[in-house]
Structure formats: C-alpha cells, structure tokens
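For the record, the sequence lines run as chains Y and A. Sequential numbering from 7 applies to the first sequence in my numbering. Sequential numbering from 547 applies to the second sequence in my numbering. Glycine included, each C-beta is placed from N, C-alpha and C at the ideal position. All of these numbers come straight from a predicted model, not from anything done at the bench. Everything below concerns the one structure shown next.
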Amino acid sequence: MCRLALKTADIPFSPYEVLTGMEAMQEGYDGSGLGLLLRGVSFEDYKYKKEEQIILSGIAHTEQAFNRLQRLMEERGFEQDYDHRFKVNADLVEAKDRYQYIVRVYNKPDGLTTEELEERLMQTRLFLRKNGEEHGNDLTIFSFWSDVVTVKEVGWPLQVGDALGLNDDRIKARVVMAQGRQNTNYGINLYACHPFFIQGIATMTNGENSAFVPIKEWLEGKKIPGYMGYQSDSEVFAHILHYVTKKLGLPLAAYKHVITPLKTEELNAHPQGDFLKGLRTACRRLIIDGPNAIIGTLPDETCMLAMDAKKLRPATVGGRPGAWAIASEMCGVEALVPDRDPSLDFQPMREHTVIIPPERKELQIWSQFDQFTLSQAA
Amino acid sequence: MVSVRSVYTQPSSLTYSDLPWIIEHREDRCTLCGQCTAVCPKQAIYLTYRRQRVPKLDILKKKRGNDYRHFVGIRQNTEVDKMCIGCGMCSSVCPNEAIGPVPNQNEHRSRFHMDQKGDSWKRGGRRNAPGKTILDRISFGRISMLTDPALDAGRHEFSTNTILGRVLPPEEFLRRKASGEWIPPTREIFPFVIGSMSFGALSPNMWLGLLQGVAYCNEVLGIPVVMATGEGGCPPWVLKSPFLKYIILQIASGYFGWDEIIRAIPDMQCDPAAIEIKYGQGAKPGDGGLLMWFKVSKLIARLRGVPEGVDLPSPPVHQTLYSIEESVMKMIQTMSMAFNFRVPVYPKISGSTSAKSVLNNLVRNPYAGALLIDGIDGGTGAAYNVSMDATGHPIASNLRECYQELVAQGRQNEIPLFAAGGVGKNGNVTQNGMALIMLGASGVHIGKYIMQACAGCLGNEMGRCNVCNVGICPKGITSQNEKLFRRLDPDDVAQRVADTFSSIRTEMKKIMAPLGRSQSLPIGMSDALGIDDADAAKRLGIKYAC
C-alpha cells in the first residue's frame, strides 16, 4: 500500500520536510516510485509570478530530447524566463537515463481567455508527452501549469530528495503533495507515479481501485483530451475530479457523491435525495470500488481528503491554523506538523470529505448526509 | 420358424432399444400397484400379461418337459408419439424402486421418425447441447492479494443491484434536471431477472408461485427481483394489484393479452417494472411464440381474448408496421406514451450477428430503455426442434460484441444490456450470470433455471422430458390441465424462489468479495475474467488462463 503525505502552510517550506514525513511511514512503500507536487512555489534565486507565468515539469532523458524540447516550446510560442536546475547527485539516482530534470518557467501567452489558455496548456503537455513516446520515451512530461512543480522519480523518497538536493531550500512551496508508491498491478513507470495532474487538478491515492477497468473504459470513451495514460488505476481519481468540477460544473462536494454514492435507503432520507439518486444513476460508471484514500489539491491551494465507501484505508488530517497535514498514517501527520494538538486530529469516515481551505484557518468536514449548495440543478 | 414376411413391421416400427430412454422394470420388486402406468404422461408403459416358459423335469419318470407361467408385467410402448421421455415420474411414484427410465447409449433410431403425419418434430425445452458452456468455463481470476484486500462476503456490505432503463450521459442529466425536462425512468433491480414465461406457457399455480416468491424477495428479503410475463398478458387481479411493480409486461407479435392490460391501465395501483417488446427469442429466432391448442384453456382463452382450444402461433415479426426499425421506434414510443413515460420500455431480440445494428439503432432512440439479447441456449415452451437445435447465436460473444461497441462510443452506461440464453443451464447460475455481467451485461434473464430450481422441472440437455408444448408437464409447471397443475403447490414454488434468490445473492458476494468489489455491480470488469481456451479468450477480449 502506498504512503501519502501532504503539507499545506502559510509560510513556504522545503519539500524535503514532506519527504522526512514520508520516512516516518517507511514500511508502506517499496521505492518503486516517488512523486512530489508543489503549489505556491517560490525559488531562492528567482521571483516567480503566479499570475503571469507557467511552469513545465518533466524529465529529458537524453540530450537530443532536451534540445528538441527547447525547440518545440519555442515553435509553439512559449517564452522561457527561468530554468531551475536541481543540484543533482547522479550516484543517488537509480535510473541512468536522466539527462536533465526540467522545471522551467515560461511567460503566459497573451490574448487568450482562461479556457483557451487552459486548453492550450493541456494540449501542449499532451503534445510533448506524445512526442516523447514517439521518440522511445526520451521525454517525460508531468505538468505544465501555473504555480505547479512536479517531480517524479524511481527510488526511496529521502534518497530521491538527496539526489535532487531538495534540502538546499532553493525551492519552497506552500503546498507539497508526496506519494511513495507500492507497486501493485501495473508496471514501474514514471507516468504511474502519483500525484496525477490534469488542468490544475492533482490527486494522489493509496490503495487500489478494483473498478479501474470499467471506469477507464468509460472515461476514454468520453474522448475528452487528457483522459488518457492510465498507467495506474489511481489516475482515474484525478480525471473524475476534473470531470465533475470542470466538465459537469458541479461543486466540489458532489465529487464524493459521484465516486461513492450513498445507498438508496440513505438517499431516500437525504434532502437532495432525488437529485443525488439521478446523479448516481447517470454517473454509475464512475463509482469507485476502493479501498482508497484520495488526497487532492486545487489551483487555489485548497486541499482535500476523501475516503472510499468501504473505509478500509487509513488517513488522518491534523494541524493548527496556518499549517496542516494530511497523511496516510498518523505518524506522518506527527512528523509534518508536530506543534499541533493531536487530540484534534481527524480521521474521516466513509461519508466525509475533509477540506483545508486556502486560508488555512480551520478544517471543513463535509458529510454526504448533509445538504450542499447546488446552484445549477437542485 | 416364422417366415419374415409374416412379422408385422412397417417403416416406423421401432423396438424399445431404438428409443432414447429404455424402461427398466424389476419384476421381483413390482407389486403391480399400477401407479407408474397411471402417472406416465406419455402412456409409454402399460401392464400386460406375459407367459414364461418354466422347464419341467420329472426325475422319477426320467422325462423332460415344459410348463408355462403367466404373469403381469410392464411393457414399453414403441410408437413414436408414446415413447418414453425419460421424465422418471414412474420411478418417483414407485413404492419399491421397481421401475425407471435409463438413457439409451445406442443411437436413437426414433429420431428418424419424429415427423409422423408430415408434422415436423415440435417440442418444448432447450437446445439439448450437453457439456460445459463457454460461460461455465470462465473463471474469476483477478483476486485481490496485495494492496486491495479481499472482502468478507459474509460481513461486508455489498451493492448487488443494477439499473434497468435509459441512463442519460451526466451532462445531459444535469441539463435536463436544471431545465425540468423529462428524465427517462429507471429501476433499481436485482440483476437476475425471471425471464419471460407466459401465463399460458406456465400453469396458473406456477405463475402464482413465482409471483408470490418474487413479492417475498422484494418485501421481506430486500432483493428487488422482477419477473417478465412473456407474451400472453397478465391476470387482471395482478394488473390491478400492488405487485405489478415487480412485473415486466411483454408485448409480442401476437399482442395476446394486451386488451386486458390496456383496459386495466386506469385501475393500476402502480406502474409495471418495465415493458418488454419481444422481437425475437434465443431458442427459436425468427419464429413467433407458439401456444399449442392443448394448453388454451378457458382461463387462457379469456386472458388472451381468443377461442378455447385453438393453436396460438404468433407471427415471426410485428406485422403491422413497415420495417423492423420503424417498428422498434414506433412501438417503444407508443408503449412509453401508454404509461406516460414513467416505465422503461426495451426490446428483446434473439442473439444474432445483427444484434449490433439493433443496438446502434437503439442508442439513437431516446426512449429505448435497455436491450435484452437472448442466446441460442434459451428455452421455450414450444418450437420446432430444428429451430431450437440449430438456429441462433451463443450469448457470450454476442453480448461482448455489443458491449464493446458501446465502449467504443463511450455510451456503455446508457443502454443497459441484458443477456439471456443458457444462464445456469448446467446449474452454475450465479457464475454464468456474473461472467456475463463482467463481460458487459447489466443483468441476466433466467427461465429454465427458475423452472428447474423453483418448480422441479425435469428437463435436461439430454432431451429428457421436453414436452412443455403439449400440456402434459408431469410436474404441473407448463400444463393447463388442473389434474396436473394441482401437483404444484404455489407456496412451495414461492419458498423455492426465495431460496434461489437468497442463494444467488450470497454467491454473488462470494464472487465479488475476492475481486475486491462491493460498491457497484462489476459490469464490464473484464480484467477479472479468464478462460481455458485461447480462441475464446481472444474473441471475448479476456485473459487466457491455463
């Protein structure tokens, strides 16, 4: 079972902190993959402007791929403003085909609406990914979005952190998601590492989604750009969150109702039961069959945690105003925010979605049994 | 020696060893009570006087001679219309285990003489293809061993129900909900449906027992089982009862029974579960329903609005309309309208290489509520033997093909596919049903299995019994003769229905739990399936497991 750690704080901190938190939960992963996703990014030697700039994350495995990437980005009209170089200790990297880790800042293209820009960014990411695949996987692209840095590598979390020199404080963030992978059914592949990212939405998961194949087939059938890949069964969680909030325009609280709908007898007593029963029927293919804990983050730095309906996976959230942690084990929370009142830690049950709003003042706990605001349909 | 020409013989003269079943009678156990001959539905056996030579040796006179003993024995009839069907009622009534049919391992020469008076062999039953089916050979191999623990079938909560009715794409559902437009009706039902068997094909006691059992499953056990009527209507007291919600009313090409149904609409307390429009049947594709005159009793005649004692062959297609596509469209809309768009309406077709075209047609019809495909192993109350044995398409690949077509279009949750035809024919009902569900079916219809499990139908794939067509069902399941159907107690049938569905639900959990599935029915979870045949695996798009 994979291990998950997320920390969100008002004051930017080093991603290495989260890796030490992962170390506390060491028995739960096999070093087959580590993923880090940073939001609220700040660089030591560069003033990053979230509103004006976007960040490309990935790995160029060869020099040719690196040069090709530069050319392709120029051809597509993206102007590079900053190139963050990790201080790599190649001896600590298991894989030998890592020519260059890419964290590059580009200026946002002018004259596009938000939708057009979001579409363009995703299409560019998909184009680069496909280009890499066409060239013998010499280029791996994780994210291309405003204020998002993604690092994925095979190896033990701390070792990867040391390999990339993440403890030198040259890069910090207000939100860091980290996942240590326990490889289950699917191959060891960088694209199989969590967190998964699509148009600003990122999720990571522990456990396994046994309804993966029918869900994947349905999502692929929607022919929505970006609903592809699926090297891991957990990738569908990110896409469902994207589908529910961006394509269906439903509030975040509806996500849980889509992936783990309540039973008929429970919905009969629900204030929005009629709508929710219809939603459950319409989205029946998106019902996940965990056990999973799903941790997600949104572009406004909102963090969320939801459990599958069986609640066979642990996950704890805890913290204090200004700094919160979500981890798959309690010891992870303890390592990430030690100066909190542990008696206020919360372990969500099957009906809960835990939200840490961007203000980071307090936790919000939503229950599926409660009414939620539904401007569009109710 | 008697000259050969004086032996009475004609082309269809048979001896008992030419017949599929040979009666074995043990004279030493027989008490001549006569129960076997009385119960035999075919009059295949009769009491007869026989003479036996007893050697006589007079030792004192040193003389050998003969004596003759006369006794009453049982003789097997060898006329084609009276030959033994192997039902075994004789052995079930015999107090001394003195009699019983034994399958004849020899070739059955009687097969060449089933067309007496130029009438081709008609029978009820099934295809008579013994052995494991493709469905029987599918195993559920994706056992959760690592991250995802197998679940506890006994203690965990499982969601085993399915949806019958048109499911809108989520975007469309939200749009219609927001603007208050019509949302197609759906039903949450148990995925094992009692398939269409008409009131007419089934005896009143059987039908009543099924309905009682279904009501018990719904109201006491919490298993939302529904049953389909088949063509031939539904008794008026049922139409006006609260039990109608457990019933799928079928309309077929003879429209039998629909006068009564339409007349009852204003008095209905609830809506039926669904309307099934029958275009075809797996056991006899391209053939209409057939209720032979033996079974058209007074009650049946009234329900169907026909005279008593006449054959009721439905036309092969719905004749009133110009083309099948048009017919499908118009009938679905008409039936939807009749029930004010509150009842799912779906067609039932025979398994066929053309099933995919029908499906694509339905996908574009906003009122179509599902598609039921009935494969070649389906059963029937009456059909020509040649139709049953040789016409049709097996369900597994047909269903899979249709599901994959929907997957390619991204519409696999919109038209639920139901599969039928041989589900549980060797007794593995849950395994067969779940295999079809994981191949893409939203549910399955079971008919023969229900008759066998819930009423003790004696039919099997070796040609046993198979006389549903002539109204002599020895168990009283498919007869309108009250002397016969009195043998069947509706309460006992109801009890068996409850037993059967409870057991299917438990077995479903035992299949789902190791796969780590509990939150929704694993429709299309083809990654869980394996089969020990590489060609079948390739055709079905599942794993080859050996």
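Taking the Cα of Lys668(A) as reference, the smallest distance to any Cα among Glu960(A), Met1071(A) and Val932(A) is reached at Val932(A). The three-state reading of DSSP puts Val772(A) in coil, since its state is none of H, G, I, E or B. By the Cβ neighbour-count rule, Ser238(Y) is buried, with 16 or more other Cβ atoms within 10 Å of its own. Between the segment 935–951 of chain A and the segment 897–906 of chain A there are three or more C-beta pairs closer than 8 Å, enough to call the two in contact. Taking a cut-off of 8 Å for Cβ pairs, the segment 345–354 of chain Y and the segment 311–325 of chain Y touch, as three or more such pairs fall below it. Cβ-Cβ distances below 8 Å link Glu703(A) to Ser1064 in the same chain, with the five nearest sequence neighbours on each side left out; the list follows chain order.
Near chain A, meaning a CB-to-CB distance below 7 Å, the residues of the segment 206–228 of chain Y are Gly213, Glu214, Ser216, Ala217, Val219, Pro220, Glu223, Trp224, Gly227 and Lys228. Rounded to the nearest angstrom, the gap between the Cα atoms of Tyr801(A) and Gln1041(A) is 32 Å.
Leaving aside the five residues that flank Glu357(Y) on each side, the residues in its chain whose CB is nearer than 7 Å to its CB run, in chain order, Ser373, Gln374 and Phe375. In summary, the residues of the segment 726–753 of chain A whose CB is separated from some CB of chain Y by less than 8 Å are Ile729, Thr732 and Glu734, in the order they occur in the chain. Note on geometry: alpha-carbon atoms of Ile301(Y) and Lys316(Y) lie some 16 Å from one another.
Between Arg135(Y) and Lys253(Y), the alpha-carbon positions lie close to 23 Å from each other.
If you look at Pro18(Y), you'll find it isn't in any alpha helix (DSSP H); it sits in the beta strand (DSSP E) that goes Arg9 to Phe19.
In the DSSP secondary-structure assignment, Cys309(Y) is bridged to Thr303(Y) and Ile362(Y).
Of all alpha-carbon atoms in Glu124(Y), Lys102(Y), Ala312(Y) and Val47(Y), the one lying nearest the alpha-carbon of Arg110(Y) is that of Val47(Y). An exposed status is given to Val553(A), since fewer than 16 other beta-carbon atoms sit within 10 Å of its beta-carbon. By the criterion of a C-beta distance shorter than 8 Å, Asp661(A) is surrounded in its chain by Trp667, once the five residues flanking it on both sides are discounted.
In the three-state scheme derived from DSSP, where H, G and I count as helix and E and B as strand, Tyr595(A) is classed as strand. Within the segment 693–735 of chain A, the runs of beta strand (DSSP E) at least 3 residues long that lie entirely inside it are, in chain order, 708–710 and 733–735. At least 8 Å separates the beta-carbon of Thr679(A) from that of Pro831(A).
In this structure Glu777(A) is buried. Its beta-carbon is surrounded by 16 or more other beta-carbon atoms within 10 angstroms. Under a criterion of Cβ atoms nearer than 7 Å, no residue of chain Y is adjacent to Ile689(A); the nearest Cβ is some 10 Å distant. In the DSSP assignment, Met183(Y) is bridged to Leu12(Y) and Leu43(Y).
Taking the Cβ atoms as the reference, Leu43(Y) lies roughly 5 Å from Ala208(Y), within the contact range of under 8 Å. With contacts defined by Cβ atoms closer than 8 Å, Arg1033(A) and Gly1022(A) form a contacting pair. With respect to the 8 Å criterion, Pro890(A) and Gly711(A) are classified as neighbours on the basis of their beta carbons. When Cβ-Cβ separations below 8 Å define contact, Pro890(A) makes no contact with chain Y. Using a Cβ distance threshold of 8 Å, Val1016(A) and Phe840(A) count as a contacting pair. One alpha carbon belongs to Gly746(A), the other to Thr775(A), and they sit about 10 Å apart. Using a C-beta cut-off of 8 Å, the segment 1061–1080 of chain A makes contact with the segment 679–689 of chain A, since at least three inter-stretch Cβ pairs fall below that distance.
Scanning the segment 36–107 of chain Y for uninterrupted beta strand (DSSP E) segments of 3 residues or longer gives 40–45, 59–66 and 85–90, listed from N- to C-terminal end.
In the DSSP assignment, Asp613(A) forms a beta bridge with Val600(A). Under the Cβ distance rule, Pro716(A) counts among the residues neighbouring chain Y, one pair being separated by less than 8 Å. Residues of the segment 108–139 of chain Y with a C-beta atom less than 9 Å from some C-beta of chain A do not occur. DSSP lists no beta-bridge partner residue for Met980(A). Listed by position along chain A, the residues whose Cβ is nearer than 7 Å to that of Gly284(Y) are Phe719, Lys723 and Ile729.
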